[in-house]
Structure formats: C-alpha cells, structure tokens
Amino acid sequence: MKENLTDKTELLEPAKITELILSENLTALKALLAKGWDINEKLPTLDGLQTPLQIAFYNDKKDALYFLLDEGAKITNELFIEACEYGDDPVLVRRLIKCGADVNASTHISSLKAAIYGKNEEIALLLIENGFRLIPDGTTLREAAMEGLGKLIERLVERGFDVNYCEPDTVYPYNASALQAAASYADLALVKRLIELGADLSYEDKYGERAYHYALRNERKEVALYIKSVEPSAWHDDEERLKKLKSYKLPKGLISLLRSNDRRVLLPGCEYTGFIEFASLGDVREVKWKNKKFLDLLIDADRYGADGFLVWHPSSKMLASADYEHGVFTPLCSFEEFMADPSAAINKIFK
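For the sequence shown, the working numbering begins at 7 and goes up steadily by one.
Written as structure tokens, this is what we have:
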C-alpha cells in the first residue's frame with residue numbers, strides 16, 4: 007500500500023519534500039505548511055541544495071510553482087533573472103512580478119538584459135511596463151538590435167535612447183552602433199526600421215567600418231545591397247573613392263586589383279591559409295590604429311578573420327598585417343613583391 011505522506015505527524019525528511027514538489031502533490035505540501043514547514047528552506051536535489059521555488063521552476067513544475075508563489079515563497083533575484091532569460095514565459099514573469107519580484111533586480115546582468123539575451127521581447131516590454139528603470143546607455147539598444155527585437159528598439163527610442171549612441175563591450179569592443187549590429191545579424195526589416203529611426207549610415211567604428219561593411223563581412227548580401235542603395239552614390243563611385251584615397255599613394259597594380267571583378271588570390275605555397283580575397287575599391291577601410299594610418303584591404307581570408315590580415319601602409323609604401331587583438335603590426339613587402347610570390351608574403355605573417 008502506498009504510504010500516505012499527509013498522515014505523518016512529523017515533518018518529512020528534506021529529500022521526501024523534494025519528491026512531493028517534483029510530483030506536484032499539492033495536498034501533501036499544504037499539510038506540511040500546516041505543520042510549520044519552512045517554505046523557503048533549501049532542499050537536496052541532484053544539482054545541490056535549492057529552494058522549493060527553484061526546484062519547481064528548474065523542473066518546469068508549474069502547478070507546484072504557482073502554489074508556492076501563492077503561499078508566499080521568496081522570489082530570489084537569481085530566479086527572476088533566469089525566468090526573464092530562459093523561461094520564455096511572459097505569464098510566469100507577470101505572476102512573479104505580481105508576487106513581489108523586483109523588476110530592477112540584477113545579478114551579473116539586469117532583468118532587461120536577461121530578457122534581451124534570451125530573445126524574449128514580450129518579457130522585455132513587460133518589464134518596462136512594470137517599472138524597469140530605463141537608463142539610456144550605449145549597449146542596450148545595440149543588444150536589442152543584435153537579437154532582432156524591433157518592438158523593444160522602438161520603445162527604447164521613445165524613452166530617450168539615442169539610436170546612434172554606442173560604447174564598447176566584450177561583444178563589440180570597437181564601438182559598433184545598433185545599425186552595425188543589425189547589419190551583422192538581424193533581418194532587413196529591422197535594418198530599414200533603424201534607418202527610419204535615424205541611424206547614421208555614415209558612422210564608422212573604431213576601425214573605419216560602416217554598417218555597410220558589417221553586412222559585407224557577415225555575408226548579408228541583401229542587407230548590404232539595401233544599405234548601399236540608400237547611401238550617397240559618391241561613397242561607391244570609384245573615381246570619387248580614388249580622390250579620397252589619394253593620400254594613401256596606392257600602387258597602380260593594387261588599384262587595378264581592387265577595381266577588378268576577380269579579387270581572390272590563391273596561396274598554394276602558404277602553410278596556413280588557402281586564399282585571400284581583396285575588397286573592392288569602394289569597400290577598403292581607412293583605419294587609424296596605434297598611431298598608424300592604413301587601408302584594411304581584405305574581405306575574406308581562408309580560415310582566418312579578414313580584419314587587419316593584410317593592409318596597405320602608405321608611410322612605408324608597403325603591405326603589412328595588423329593584429330588588432332594582440333596589438334602587433336607586421337611589415338611585409340611591396341605590392342610588387344607580393345604579386346611575385348603571394349604565398350611567401352603571407353607566410354611572413356605567421357613567422
């Protein structure tokens with residue numbers, strides 16, 4: 007015969023209370039409360055000690071979860087943040103707020119950032135509606151753009167967030183804008199909406215890239231074509247571009263390569279990469295870095311990031327490599343020497 011746990015005269019062992027929560031035996035839980043059970047006392051689980059509310063939440067036991075909330079279980083900041091990020095359940099978040107959860111709670115991130123990281127736009131809007139303190143900064147709107155949260159972006163702009171304000175973080179250390187983030191990851195509709203909201207097409211990040219370049223680098227051809235269509239035509243006119251780049255003293259051979267349709271250079275003798283592909287003349291980037299000014303030349307490099315891999319340094323009239331991550335600038339050779347033996351030139355980067 008199954009043991010009737012509610013008939014116990016003494017409180018159960020913690021492990022058995024955990025079993026009651028997992029089986030959602032609400033009758034037994036009510037009986038335990040009547041006998042003085044501490045609803046916030048941590049219980050043993052396979053993942054260590056957890057509160058009853060955590061056990062119900064992590065195991066998706068909604069009946070037990072709502073029962074515990076109604077009985078006054080304490081909502082920790084950690085649990086609320088996780089509900090915003092991982093729960094994908096606006097009804098639950100609304101209930102947590104009603105039961106006393108702090109919408110401005112934070113652990114290593116805020117509840118709003120948690121909702122954004124989880125792509126839970128409805129939850130993010132719910133937090134704002136329920137009093138989340140919005141402080142315009144340089145990362146929140148960009149993160150919303152990266153995750154494609156258009157409605158949230160509109161709400162943030164309504165609340166005073168500057169669509170062009172940006173600050174570096176671990177994901178975008180080079181001061182990328184919201185439009186640049188959207189050009190990298192979001193759909194075309196969001197890119198268009200950001201432009202309608204005033205996103206600056208001319209803005210360049212720390213290394214001279216516009217949103218157009220972000221779309222190219224991430225192979226977002228449709229997005230790149232659209233951005234190009236709404237940018238000033240002079241930005242993509244070769245003759246105008248050459249005038250702007252006159253101070254870089256580009257070799258004629260390099261200009262011809264950048265203006266050609268086939269800009270991929272195979273590297274059969276290179277130990278580390280099979281090819282590099284030059285950007286078009288209109289897409290090379292002007293960069294100021296570590297007291298140096300140069301042109302970042304590539305759009306692709308086999309097995310490596312193209313950024314800084316091969317640059318033209320006008321002061322030395324040489325090709326070079328700029329390792330942005332490690333702060334190393336490596337002179338290589340003249341353009342003519344490169345064309346004579348591209349593999350040997352690229353091998354120098356790794357020596």
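Quick reminder that beta carbons are idealized off the backbone N, C-alpha and C, glycines included.
query = If you pair each beta-carbon of the region 212-221 with each one of the region 286-298, do three or more pairs fall below 8 Å?
reply = yes
request  = Measure how close the beta-carbons of T51 and T24 come, nearest whole angstrom, since I'm counting them as under 8 Å.
outcome  = By 1-based counting over the sequence shown, the position of residue 51 is 45. By 1-based counting over the sequence shown, the position of residue 24 is 18. 6 Å between Cβ atoms; contact.
request  = Quick one: measure Cβ to Cβ for A192 and G154, integer angstroms, because I've assumed they're closer than 8 Å.
outcome  = Counting from one through the sequence shown, the residue named residue 192 turns up at place 186. Counting from one through the sequence shown, the residue named residue 154 turns up at place 148. About 4 Å separates the Cβ atoms of A192 and G154, confirming a contact at the 8 Å cut-off.
message = Please return the same chain residues whose Cβ sits closer than 7 Å to the Cβ of L132, not counting the five positions on each side in sequence.
response = Position 126 of the sequence shown, counted from the start, is the residue given in the question as residue 132. Around L132: P96, V99, R100.
Cβ contact (3+ pairs, closer than 8 Å) linking the region 223-231 and the region 258-266 = no
message = With the cut-off set at 8 Å, would you say L287 and D329 are in Cβ contact?
response = Residue mapping note: residue 287 aligns to position 281 of the sequence shown, counting from 1. Residue mapping note: residue 329 aligns to position 323 of the sequence shown, counting from 1. No, the Cβ-Cβ distance between L287 and D329 is not below 8 Å.
inquiry  = Measuring only the C-alpha atoms, how far is N10 from L18?
reply    = Position 4 of the sequence shown, counting from 1, holds the residue named residue 10. Position 12 of the sequence shown, counting from 1, holds the residue named residue 18. Reliability fails at N10, whose pLDDT of 48 lies under 50, so the model's placement of it is uncertain and the value that follows must be treated cautiously. Rounded to the nearest angstrom, the two C-alpha atoms are 12 Å apart.
ask   = Alpha carbon to alpha carbon, what distance is there between A89 and T82?
value = Taking the sequence shown and counting its residues from 1, one reaches residue 82 at position 76. Taking the sequence shown and counting its residues from 1, one reaches residue 89 at position 83. Roughly 11 Å between the two C-alpha positions.
key: S41 in three-state terms, based on DSSP   = In the sequence shown, the residue the question calls residue 41 occupies position 35. The sequence given here places Lys at residue 41; Ser does not occur at that position. Looking at K41 - three-state DSSP - the assignment turns out to be coil, as it is neither helix nor strand.
ask   = Helix, strand or coil: which one does DSSP assign to H242?
value = The residue you call residue 242 lines up with position 236 of the sequence shown. The answer is helix: DSSP assigns H242 an H, G or I state.
key: Proximity of A151 and L200 at Cβ, strictly below 8 Å   = For the purposes of this step, residue 151 is taken as residue 145 along the sequence shown, with counting starting at 1. For the purposes of this step, residue 200 is taken as residue 194 along the sequence shown, with counting starting at 1. Yes, these two residues count as a Cβ contact at 8 Å.
query = Which term fits E127, buried or exposed, when burial requires 16 or more other beta carbons within 10 angstroms of its beta carbon?
reply = On the sequence shown, position 121 is the one that residue 127 refers to. Buried, since its Cβ has 16 or more Cβ neighbours within 10 Å.
ask   = In terms of DSSP beta bridges, what is C339 paired with?
value = The residue given as residue 339 occupies position 333 in the sequence shown. For C339, which the question treats as bridged, DSSP gives the partners L325.
inquiry  = In the DSSP output, which residue or residues are listed as bridge partners for P50?
reply    = Along the sequence shown, one-based indexing puts residue 50 at 44. Partner(s): L55.
inquiry  = Less than 8 Å between the C-beta atoms of L325 and A350, yes or no?
reply    = Within the sequence shown, residue 325 is the residue found at index 319, counting from 1. Within the sequence shown, residue 350 is the residue found at index 344, counting from 1. Using a Cβ distance threshold of 8 Å, L325 and A350 do not count as a contacting pair.
request  = Kindly indicate the opening and closing residues of the beta strand (DSSP E) around L301.
outcome  = Position 295 of the sequence shown holds residue 301. Element bounds for L301: 298-302.
Whole-Å CB distance - N46 paired with K80, under 8 Å assumed = For the purposes of this step, residue 46 is identified with residue 40 of the sequence shown, where counting begins at 1. For the purposes of this step, residue 80 is identified with residue 74 of the sequence shown, where counting begins at 1. At roughly 5 Å, the Cβ-Cβ gap stays under 8 Å, so N46 and K80 are in contact.
inquiry  = Beta-carbon within less than 7 Å of G144's beta-carbon, same chain only, minus the 5 sequence neighbours each way: which residues are those?
reply    = Locating residue 144 in the sequence shown gives position 138, where the first residue counts as 1. Here the set comprises Y171, C172, E173.
Span separating the alpha-carbon of L316 from that of K299 = To locate residue 316, count along the sequence shown from 1; it is residue 310. To locate residue 299, count along the sequence shown from 1; it is residue 293. Whole-angstrom Cα-Cα distance: 13 Å.
C-alpha gap between K14 and E77, whole angstroms = As a working mapping, residue 14 is identified with position 8 in the sequence shown. As a working mapping, residue 77 is identified with position 71 in the sequence shown. Any reading at K14 must be qualified, since the residue scores a pLDDT of 42, below 50, and its modelled position is unreliable; the value itself is stated next. Looking at the two C-alpha atoms, the distance is approximately 21 Å.
request  = Have a look at T113 and F86 and give me their C-alpha separation to the nearest angstrom.
outcome  = As a first step, residue 113 is located in the sequence shown; it is residue number 107 there, counting from the start. As a first step, residue 86 is located in the sequence shown; it is residue number 80 there, counting from the start. The straight-line gap separating the alpha-carbon atoms of T113 and F86 is approximately 10 Å.
message = Could you tell me the alpha carbon to alpha carbon distance between S116 and I103, rounded to whole angstroms?
response = As a position in the sequence shown, residue 116 is number 110, starting the count at 1. As a position in the sequence shown, residue 103 is number 97, starting the count at 1. When rounded, the distance between both Cα atoms is 15 Å.
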